[in-house]
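Numbering (the working numbering), first residue to last: -6 to 221. Every residue, glycine too, gets a C-beta built ideally from N, C-alpha and C. If you're wondering where the values come from, they're calculated on a predicted model, not measured in any experiment. Comments concern the structure below.
Dropping the structure here:
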């Protein structure tokens, strides 16, 4: 099966899966596949109940509910990805933007490889390293892959400082996730706005997720590409 066919199959499966568990499917699903990474970008998933909760400033409840639903979705998605690609993808990350009503799910086989011919790859890694150093510490590792002209995925490893590790150990992971999410997205947005030439376009949306236990993180930049 060609890559495009696999992308279409996974997009359809993801839409049905989210509809099954969320009670409402996304209006659009875009799937990008590389050798060791799959990025699924969804648009307009917000349910009527979530809209009411957000109108009443119940953001934490919406995110907590989605976390519970994703725990049910991911095993099924993992199996479907294995069936379509013939490969087992070990790590899954996801994040939502309630303001834009967008979201991403990222599957990685093991560790993200530098498998892209994107000319400014190293400069992107250096920029993300500098932003991470400003908000936390210089990462032990930064790798980037541009899956297409609209999707940039960045993997980081070794970013937590000691106080953050202690917060995770104390069971306050969600507090840390919220604080880091707000701060990092703001800093990344400012950095990519200043260095938009690295994206060959502008940053439309930025998503960030972490595996605190493994001290790893994935950033996804959805790009509005320049006109050729």
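The alpha helix (DSSP H) enclosing residue i, as first and last residue numbers
| i | result |
| --- | --- |
| residue 8 | -4 to 15 |
| residue 81 | Premise fails: residue 81 is in no alpha helix (DSSP H) and is neither H nor E. |
| residue 190 | Where residue 190 is concerned, there is no enclosing alpha helix (DSSP H), given that its DSSP letter is neither H nor E. |
Segment limits, beta strand (DSSP E) that includes residue i
| i | result |
| --- | --- |
| residue 195 | 194 to 204 |
| residue 218 | 209 to 218 |
Residue i classed as buried or exposed, judged by whether at least 16 other C-beta atoms fall within 10 angstroms
| i | result |
| --- | --- |
| residue 195 | exposed |
| residue 115 | exposed |
| residue 9 | exposed |
| residue 210 | buried |
| residue 7 | buried |
| residue 131 | exposed |
| residue 118 | buried |
| residue 27 | buried |
| residue 163 | exposed |
| residue 95 | buried |
Same chain, Cβ closer than 7 Å to residue i, neighbours up to 5 away in sequence not counted
| i | result |
| --- | --- |
| residue 63 | 87 |
| residue 19 | 8, 11, 35, 36, 37 and 38 |
| residue 141 | 25 |
6 Å Cβ shell around residue i - same chain, five flanking residues per side excluded
| i | result |
| --- | --- |
| residue 234 | The shown model of the chain, from -6 to 221, leaves out residue 234, and the question about it has no answer. |
| residue 54 | 46 |
| residue 124 | 180, 181 and 184 |
| residue 66 | 10 and 14 |
Contacts around residue i, its chain only, beta-carbon distance under 8 Å, and the 5 residues preceding and following it disregarded
| i | result |
| --- | --- |
| residue 161 | 153, 169, 205 and 206 |
| residue 134 | 148, 149, 150 and 151 |
beta-carbon residue i near the ligand COA non-hydrogen atom, thresh 8 Å
| i | result |
| --- | --- |
| residue 14 | The ligand COA is absent from the structure shown, which contains no ligand whatsoever. |
Quick one: any contact between the segment 2 to 9 and the segment 73 to 85, if contact means 3 or more CB pairs under 8 Å? yes
Any contact between the segment 137 to 147 and the segment 168 to 177? By contact I mean 3 or more CB pairs, one from each, below 8 Å. no
Of all the beta strand (DSSP E) runs that stay within the bounds of the segment 21 to 83, which reach a length of 3 or more residues? 21 to 26 and 30 to 36
Whole runs of the alpha helix (DSSP H) within the segment 90 to 164, excluding any shorter than 4 residues: 114 to 128 and 155 to 162
Taking one C-beta from the segment 188 to 206 and one from the segment 79 to 91 each time, how about it: are there three or more such pairs within less than 8 Å? yes
Counting pairs of Cβ atoms below 8 Å between the segment 30 to 42 and the segment 92 to 99, do you hit three or more? yes
For the 8 Å Cβ check, are there 3 or more pairs between the segment 33 to 49 and the segment 3 to 23? yes
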